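Written out below as structure tokens is the structure these notes cover.
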Amino acid sequence: MEVNKLNNKKILFVTTKYFEYYKDMETVLRDKGASVTTFIDDPYQKYNAEFLSLRAGRKLKPWVIRKYEQGILKKIKGQDFDYIFFVRGSALLSHSFLSALKALYPQTPFLLYEWDSINNFNYLPFTHYFDSVLTFDYKDSTDHRFHYLPLFALMHFFETKDKPMSERKIDFTILGYGRKHRLITGTEIVRQCEAQQRSYLFKLYEPWVWFFVSNFLAEKLSFVKKVMRWSNNFKGITFVSIPKNKWKEILADTRIVVDLPHPAQTGLTIRTFEALASGCHLWTTNVNIKNESFYNPENITIFDAEQFVLPPVPEDNKQSFSGFSLSSWIDNIFKTVK
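Numbering (my numbering), first residue to last: 21 to 358.
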């Protein structure tokens with residue numbers, strides 16, 4: 021990358037709020053000398069997002085999005101930007117907003133990094149607004165000729181990479197959003213752990229309002245039966261997300277991290293890089309990891325969620341993943357435009 025390419029550059033940064041990684045991105049961009057104006061791609065932050073997803077609130081969503089877009093355009097009016105940078109665009113990936121931005125900044129490079137697969141979120145109708153499109157999904161990159169760029173690990177995860185397995189107390193850690201496939205596979209891993217007296221941490225996060233609506237109101241069972249089913253089948257569900265600093269502590273004490281990505285997703289999760297950067301062994305259902313330059317079966321095991329047995333305690337992970345820092349990730353994104 022050119023030296024100081026971002027120095028004294030002004031960046032309009034539109035990004036997801038996901039676990040507040042955007043704050044770390046802002047810090048790195050500013051460390052590289054850029055001035056950053058950030059807007060979160062969350063028009064619903066002043067509203068109840070769960071309500072807006074229900075039938076009664078859906079009619080309000082276009083109005084909420086339009087009002088949020090107009091507010092951003094009003095705030096940036098008269099400002100100059102050297103780059104327009106979107107990360108994981110969703111609600112603000114709209115023809116109305118992007119065409120308005122293009123009209124204001126016709127000569128400014130537009131960059132999009134997509135943190136989701138097209139199978140989950142079809143952003144293809146909006147890619148023509150961007151000078152450079154990057155994705156974490158290898159299949160999407162080859163199918164549509166986008167730049168392929170895997171995710172990253174924050175620097176504090178690298179601090180424990182040399183901690184020996186013998187000093188780690190948790191054999192298996194399973195964390196993520198509450199999805200059916202994770203609950204089923206995670207529950208079986210827990211069953212095997214308990215049978216073998218192996219230690220584990222099993223937590224799946226789901227917002228309590230959405231969990232209540234989807235599991236208690238959506239089915240015609242008696243309330244008592246639903247409570248009994250929940251207590252038996254949803255022991256791993258938590259309504260409080262784990263902050264990044266706590267996640268770092270968990271990884272520092274974990275031998276094997278279990279990665280259970282969405283079945284329709286071929287891109288590598290950020291959990292992949294955080295686990296490997298922290299010196300953990302990775303146990304994943306994502307077969308696409310075999311295509312990566314860093315793939316090493318001594319540190320990474322691909323398993324079948326339908327049929328598996330727990331592996332023994334792994335050897336220490338001595339492989340370096342320094343090339344997957346957030347700073348390198350940002351450099352690689354801005355390399356794709358002049």
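Idealized CB from N, CA, C, for every residue including glycine. Fair warning: this is a prediction, and the values are worked out from it, not measured in the lab.
Measure the Cβ-Cβ separation of Glu134 and Ser116 and say whether it is below 8 Å. no
Between the CA atoms of Thr155 and Asp163 - distance to the nearest angstrom: 11 Å
Identify, in the order they occur along the chain, each residue of the same chain with its Cβ nearer than 7 Å to the Cβ of Asp334, setting aside the five sequence neighbours on each side. For clarity, residue 334 is Pro in the given sequence; the question names Asp instead. Answer for Pro334: Met185, Arg275, Ile276, His301, listed in chain order.
With a CB to CB cut of under 8 Å and the five nearest residues on each side skipped, what residues in its chain are close to Tyr158? Tyr168, Thr286, Gly287, Asn308, Asn311
Can Ser152 and Val357 be called in contact, C-beta distance under 8 Å? yes
Go through the region 82-142 residue by residue and report every complete run of the beta strand (DSSP E) that reaches 3 residues or more, in order. 103-107, 130-134
Would you mind sorting Asp160 into buried or exposed? The rule is 16 or more other CB atoms within 10 Å of its CB. buried
On the DSSP bridge list, what partners appear for Thr57? Leu32
For Leu26, count neighbouring Cβ atoms within 10 angstroms of its own Cβ and tell me buried if that reaches 16, exposed if not. buried
Close-in-space but distant-in-sequence residues of the same chain around Thr205 (CB under 7 Å, 5 per side omitted): Leu280, Ala325
So for Ile290, helix, strand or coil by DSSP? helix
Measure the C-alpha to C-alpha separation of Thr305 and Phe192 and round it to an integer number of angstroms. 15 Å
For Ser110, which residues from the same chain have a beta carbon less than 6 Å from its beta carbon, with the 5 sequence-adjacent residues on both sides left out? Asp61
If we require 4 or more residues per run, which alpha helix (DSSP H) segments fall completely within the region 160-238? 200-216, 228-232
Comparing C-alpha positions only, which one of Tyr41, Ile320, Lys223, Thr57 sits nearest to Thr258? Lys223
Pairs of beta-carbons, one from the region 311-323 and one from the region 192-203, closer than 8 Å: are there three or more? no
Integer-rounded CB distance, given that Ile96 should sit under 8 Å from Leu32: 7 Å
Just tell me which of Leu80, Pro145, Asp102, Val107 has its CA closest to the CA of Gln127. Asp102
Beta strand (DSSP E) runs wholly inside the region 300-347, at least 3 long, in chain order: 301-304, 320-322
I need the DSSP call for Asp273, collapsed to helix, strand or coil. coil
Can you say whether Pro170 is buried or exposed, counting buried as having 16 or more other CB atoms within 10 angstroms of its CB? buried
Quick one: grab the DSSP three-state call for Val260. coil
Identity of the residue in Leu346, Phe354, Ile85 nearest Tyr41 by Cα: Leu346
Measure the alpha-carbon distance for Arg211 versus Gln327 and round it to whole angstroms. 14 Å
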